[in-house]
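Be aware that the sequence shown starts at 0, since it is given in numbering that gives the first Met the number 0, and climbs by one per residue.
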Amino acid sequence: MTDQEFLDAIYAVAEELKEYTLTDDEKTSIIKVFNNLEGTNYQRAKKAIETVTGIVVPERFALLEKAGSINNLQNLVSQMQAAANEWKKK
Numbered sequence: 000m001t002d003q004e005f006l007d008a009i010y011a012v013a014e015e016l017k018e019y020t021l022t023d024d025e026k027t028s029i030i031k032v033f034n035n036l037e038g039t040n041y042q043r044a045k046k047a048i049e050t051v052t053g054i055v056v057p058e059r060f061a062l063l064e065k066a067g068s069i070n071n072l073q074n075l076v077s078q079m080q081a082a083a084n085e086w087k088k089k
């Protein structure tokens, strides 16, 4: 897992929560907040997203269906968690 792949996973969750593409300033802020936090990489990523976006990343998801598919946010958070776990193994 490269640094960029991990960052892309974090940005994807933040963008899904905000429902728009993050600005460069928001991306920089997420990185700065992440680097100043303690905890697992997943915990740090989650808190950085919440701090910058002002929106809580859900811990649990109700089974929501949109046009027959499971909520995209749930998939993105799962991908971010997997990326965080792989990134720390570097």
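In this text, a Cβ means the ideal position worked out from N, Cα and C, and glycines have one as well.
Here the structure is a predicted model, which means the values were calculated and not measured.
Local Cβ density within 10 Å of residue i, reported as buried at 16 or more and exposed below that
i: Lys-31; result: exposed
i: Val-76; result: buried
C-alpha gap between residue i and residue j, whole angstroms
i: Phe-5; j: Leu-72; result: 16 angstroms
i: Ile-29; j: Asn-70; result: 23 angstroms
i: Asn-144; j: Glu-25; result: Any answer about residue 144 is impossible in this case: the structure gives the chain only from 0 up to 89.
i: Tyr-100; j: Val-12; result: Outside the shown range of the chain, which is 0 to 89, sits residue 100, and nothing can be said about it.
i: Ala-35; j: Ala-44; result: Before going on, a small fix: residue 35 reads as Asn here, not Ala. Using only the alpha carbons, I get a separation of about 11 angstroms.
i: Phe-33; j: Lys-46; result: 8 angstroms
Enclosing alpha helix (DSSP H) for residue i [first to last residue]
i: Ile-30; result: 23-34
i: Glu-85; result: 71-86
i: Ile-54; result: Element bounds for Ile-54: n/a, residue is neither H nor E.
i: Tyr-19; result: From DSSP, Tyr-19 is part of no alpha helix (DSSP H); its letter is neither H nor E.
Member of the options whose CA lies at the smallest distance from the CA of residue i
i: Asp-23; options: Asn-35, Tyr-10, Val-56 and Asp-2; result: Tyr-10
i: Glu-14; options: Thr-1, Tyr-41, Asn-35 and Glu-49; result: Glu-49
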